[in-house]
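Going from the sequence shown to our numbering is simple: count from 1 and add 134.
This report concerns only the one structure given below.
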Amino acid sequence: MKECEHFSSQIEHPSKSFECIHCKKEHLPVVALRLCLVCGHVGCCDSSIGQHATKHFKETGHAVMQAVPDKSWKWCYIHEDYF
Ligand SMILES: [Zn+2]
Ligand SMILES: [Zn+2]
Ligand SMILES: [Zn+2]
């Protein structure tokens with residue numbers, strides 16, 4: 135089993151509806167959403183035009199994301215792997 139120490143902080147997003155506020159502002163289509171497990175920021179995935187989840191990591195260094203709303207997997211940008 136691989137371990138990732140970056141998942142030490144676990145955030146519970148207060149809302150049940152997720153959206154990428156950046157794409158909403160720019161009226162871009164969103165393929166899927168990623169929740170930042172450090173601060174709760176919601177951004178769109180790399181298949182979306184905006185790629186705001188990856189941009190959020192580059193801007194903030196927040197390395198751990200979770201697929202929302204299904205929460206089926208987590209991604210660490212530093213390990214570049216799923217968990
Ligand atoms: Zn990691
Ligand atoms: Zn976006
Ligand atoms: Zn964040």
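We put the beta carbon where it would ideally sit given N, CA and C, even for glycine.
Is any non-hydrogen atom of ligand 1 found closer than 7 Å to the C-beta of residue i, if you look at the structure I gave you?
i: cysteine 170; result: no
i: histidine 190; result: no
i: alanine 197; result: yes
i: histidine 213; result: yes
How many whole angstroms separate the CB atoms of residue i and residue j, which I take to be in contact at a CB cut-off of 8 Å?
i: serine 182; j: valine 198; result: That pair is no contact at about 19 Å.
i: histidine 190; j: histidine 175; result: 5 Å
i: alanine 187; j: cysteine 173; result: Between cysteine 173 and alanine 187 the Cβ distance is about 12 Å, and since that is not below 8 Å, they are no contact.
i: cysteine 210; j: glycine 184; result: The pair is not a contact, with the Cβ atoms about 21 Å apart (cut-off 8 Å).
Please tell me whether, using a cut-off of 7 Å, the distance from the CB of residue i to the nearest non-hydrogen atom of ligand 2 is below it.
i: histidine 175; result: no
i: valine 202; result: no
i: valine 165; result: no
i: serine 181; result: no
i: histidine 161; result: no
i: histidine 140; result: no
Starting from residue i, follow its DSSP beta bridges and name the residues at the other end.
i: tryptophan 207; result: Its beta-bridge partners do not exist; DSSP assigns none.
i: glycine 177; result: Arg168
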